[in-house]
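The structure under discussion appears below in the form of structure tokens.
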Amino acid sequence: MSTAIATHISPEDFEADPRAICVFCASNPGIKNEYREAAESLGEALAQTSHPLVYGGGDRGLMGVLSAQVISSGGNVTGVLPRAMVVAGGEGTGKVENTHAVDLPPDTHQFKHIVVTSMHERKTLMAKIAGGGFMALPGGFGTFEEVLEMITWSQIGIHQKPMVLLNVLGFWEPLRDLIDNAVKEEFIQRKNRALVIFVDPPVSGGETFNWGQAAVEALENWETPSDAGLFSWKET
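In my numbering, the protein residues as written are 1 to 236.
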């Protein structure tokens with residue numbers, strides 16, 4: 001990474017922030033400019049609505065675009081990285097990706113890194129801090145896994161938080177089809193379909209669509225399904 005990790009902060013130092021939103025997205029920029037524009041729109045909207053960003057800590061690709069936009073718009077950012085990725089220089093450290101690196105400032109009152117020991121601890125801590133819920137921009141295998149795990153945690157009652165997917169250029173359409181088919185075939189309970197929200201642009205005028213505003217509104221208007229959560233995870 002191009003920014004120094006100034007402090008190792010223990011996960012135990014953090015509590016849930018009811019307004020913080022965790023966003024999953026790619027450490028690559030993608031081949032179309034619309035992905036970057038959606039990330040910039042979301043970063044600006046999070047800052048303007050006083051929703052701190054929690055994300056995977058990268059300064060490359062959509063992750064870097066998003067976090068840099070939150071900071072430049074006056075918002076706050078917490079990045080969570082496993083130590084192995086800090087040592088290796090972050091995610092997306094290939095020779096092609098390095099040409100798209102996005103520099104972020106060192107730790108400040110607006111931006112801080114948390115270094116953890118494992119990928120599971122990373123996800124657990126991001127989920128813990130992000131009391132407001134989850135969003136996702138386009139991404140790859142890591143983004144897919146994070147999105148589905150957080151939805152699963154809501155389904156089984158570890159937490160009750162929405163997952164808002166920004167369907168830029170129809171990127172998430174195959175996942176929507178997969179989920180809807182699983183509901184149809186009764187592998188996913190119909191009530192749990194509400195755990196996932198797809199944000200789509202209008203049929204016309206999509207080129208001026210405000211992705212960030214639409215995503216924040218979708219998250220803030222979400223209501224927990226009345227009987228969601230299969231298990232109680234409270235210690236007895």
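The C-beta atom is built at its ideal place from N, Cα and C for all residues, glycine as well. Predicted, not measured: the structure shown is a model, and the values here were computed from it.
Option nearest residue i by Cα separation, candidates the options
| i | options | result |
| --- | --- | --- |
| G43 | E207, L137, I197, P225 | L137 |
| F171 | V54, C25, I21, D17 | C25 |
| R83 | V70, G57, Q69 | G57 |
| T49 | Q213, N192, A218 | Q213 |
| F111 | Y35, S73, P201 | S73 |
| M85 | P52, A194, R122 | R122 |
| V23 | M135, Q189, A68, R176 | M135 |
| L81 | D59, I158, L66, A68 | D59 |
| T108 | G79, E34, H120 | G79 |
| G157 | R176, D177, V216, L195 | L195 |
Own chain partners of residue i with C-beta closer than 7 Å, once the 5 adjacent residues on each side are dropped
| i | result |
| --- | --- |
| E185 | none |
| S41 | N210, W211, G212 |
Cβ-Cβ distance between residue i and residue j below 8 Å
| i | j | result |
| --- | --- | --- |
| G133 | I21 | yes |
| G129 | A47 | Sequence inspection shows Ile at residue 129; the Gly mentioned does not correspond to that position. Result no, Cβ atoms of I129 and A47 do not sit closer than 8 Å. |
| M150 | A182 | no |
| I197 | L165 | yes |
| L125 | P162 | no |
| V77 | S67 | yes |
| I179 | R193 | yes |
| V199 | N221 | no |
| R36 | V70 | no |
| P18 | G131 | yes |
| K32 | L148 | no |
Residue i (DSSP reduced to helix, strand or coil)
| i | result |
| --- | --- |
| F171 | coil |
| G133 | strand |
| E97 | Confidence is the limiting factor: at E97 the pLDDT is only 34, short of 50, which leaves the residue's position unreliable, though a coordinate-based value still follows. The answer is helix: DSSP assigns E97 an H, G or I state. |
| H120 | helix |
| F240 | Here the chain covers residues 1 to 236 and nothing more, so residue 240 does not appear. |
| D59 | coil |
| T208 | helix |
| D17 | strand |
| V70 | helix |
| T108 | coil |
6 Å Cβ shell around residue i - same chain, five flanking residues per side excluded
| i | result |
| --- | --- |
| G75 | L46, A47 |
Opposing strand residues paired with residue i [DSSP bridges]
| i | result |
| --- | --- |
| L195 | L195 pairs with nothing; no bridge assigned. |
| C22 | V54, F134 |
C-beta neighbour in chain C for residue i, strict 8 Å
| i | result |
| --- | --- |
| S72 | In summary, chain C is missing from the structure at hand, where a single protein chain is found. |
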